[in-house]
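Chains as they are written, first to last, in the working numbering: chain R, 517 to 703; chain U, 127 to 229.
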């Protein structure tokens, strides 16, 4: 087994276990931390695919900014799932999976649909003609920057406008009504 | 010797399926948003893998992934702001109880 296969197996195991725990963990704070693990592992997969710039962006934007926003949202929304129920702390894997599959509305249907989707996708992959193994990567960070500022300049600028609008929208949505920033802490 | 392409595609498919399961079956709004982030990441793996194996001299897949990450960041900021607002007004973010607009 080559080093690449081992590295891929480790990353894939981390990603799939972390994804499962994001969905099934009884405590939502644990979900958030497992999401961070998944995001960093995905950055590792990007590195294996020679997408260096994308791996850095993944860590900065996802594991940094988006995770901070998610954790703030969890802490500020005062959910019951932060403390969780004490019996959930010690349960084993089988009990946890059973609870995750149980839901009040049509229980297993989403899990069955997702499993069907995965089976169909993997069956389709089997029929794919395997492309020739690529040679060394011929793209670099400089190429990414050049492409972003030449061929993709218009989408790039539109994306910056979208981000600005989203940030302003988030501030407007969460500002307390009838008070401005100065007395927001007292209300 | 590089790994075959289907390794990455299977990983992406499984990760997307787990994310879809979470987005459809959880009732906590923050957890649903986290599951959507999982699905977006699975799609990014697919995009970058196809880019690397099928058109290694171009950057289309990577650029597209960058835009997906950008929009995902905007979506997370707005979605979580909405969650906070709902939590503040109604005290709970169970999406089965947010049915004011139901006809």
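Don't be surprised by glycine CBs; every beta carbon is placed ideally from N, CA and C. Note that the structure is a prediction, hence the values are computed from the model and not measured.
Indicate whether residue i and residue j have their beta-carbon atoms separated by less than 8 angstroms.
| i | j | result |
| --- | --- | --- |
| residue 202 (chain U) | residue 150 (chain U) | no |
| residue 173 (chain U) | residue 193 (chain U) | no |
| residue 135 (chain U) | residue 199 (chain U) | no |
| residue 185 (chain U) | residue 663 (chain R) | yes |
| residue 145 (chain U) | residue 168 (chain U) | yes |
| residue 554 (chain R) | residue 574 (chain R) | no |
| residue 579 (chain R) | residue 552 (chain R) | yes |
| residue 660 (chain R) | residue 569 (chain R) | yes |
| residue 540 (chain R) | residue 583 (chain R) | no |
| residue 577 (chain R) | residue 195 (chain U) | yes |
| residue 140 (chain U) | residue 532 (chain R) | yes |
| residue 706 (chain R) | residue 157 (chain U) | A question about residue 706 (chain R) goes unanswered here, because the residues of chain R that appear run from 517 up to 703. |
| residue 204 (chain U) | residue 685 (chain R) | yes |
| residue 302 (chain U) | residue 566 (chain R) | Given that chain U is displayed from residue 127 to residue 229, the structure contains no residue 302 (chain U) and the question cannot be resolved. |
| residue 560 (chain R) | residue 527 (chain R) | yes |
| residue 129 (chain U) | residue 609 (chain R) | no |
| residue 689 (chain R) | residue 207 (chain U) | yes |
| residue 143 (chain U) | residue 644 (chain R) | no |
| residue 613 (chain R) | residue 624 (chain R) | no |
| residue 522 (chain R) | residue 197 (chain U) | no |
| residue 164 (chain U) | residue 538 (chain R) | yes |
If I measure Cβ to Cβ from residue i and keep anything under 6 angstroms in the same chain, skipping five residues before and after, which residues do I get?
| i | result |
| --- | --- |
| residue 155 (chain U) | 209, 219 and 221 |
| residue 556 (chain R) | 579 |
What span of residues does the alpha helix (DSSP H) with residue i cover, start to end?
| i | result |
| --- | --- |
| residue 545 (chain R) | 544-564 |
| residue 673 (chain R) | 669-690 |
| residue 614 (chain R) | 609-617 |
| residue 567 (chain R) | Per DSSP, residue 567 (chain R) belongs to no alpha helix (DSSP H) and is neither H nor E. |
| residue 520 (chain R) | 519-540 |
| residue 182 (chain U) | It is not in any alpha helix (DSSP H) - residue 182 (chain U) carries neither H nor E in the DSSP assignment. |
| residue 626 (chain R) | 625-642 |
| residue 589 (chain R) | 583-592 |
| residue 576 (chain R) | Where residue 576 (chain R) is concerned, there is no enclosing alpha helix (DSSP H), given that its DSSP letter is neither H nor E. |
| residue 665 (chain R) | 657-665 |
Sort out for me which residues DSSP pairs residue i with in a bridge.
| i | result |
| --- | --- |
| residue 220 (chain U) | U:154 |
Less than 8 angstroms between C-beta atoms, sequence neighbours within five positions excluded: which residues of the same chain meet that for residue i?
| i | result |
| --- | --- |
| residue 520 (chain R) | 564 |
| residue 629 (chain R) | none |
| residue 657 (chain R) | 568 and 569 |
| residue 590 (chain R) | 544, 545, 548 and 598 |
| residue 181 (chain U) | 187 |
To which residues of the same chain is residue i closer than 7 angstroms at the C-beta, ignoring the five residues directly before and after it?
| i | result |
| --- | --- |
| residue 535 (chain R) | 554 |
| residue 231 (chain U) | There is simply no residue 231 (chain U) to check, as chain U begins at 127 and stops at 229 in what is shown. |
| residue 641 (chain R) | none |
| residue 627 (chain R) | 617 |
| residue 166 (chain U) | 194 and 198 |
Sorry if obvious, but does the Cβ on residue i come closer than 7 angstroms to a heavy atom of the ligand SAH?
| i | result |
| --- | --- |
| residue 146 (chain U) | Within the structure as shown, the ligand SAH is missing, as the structure has no ligands at all. |
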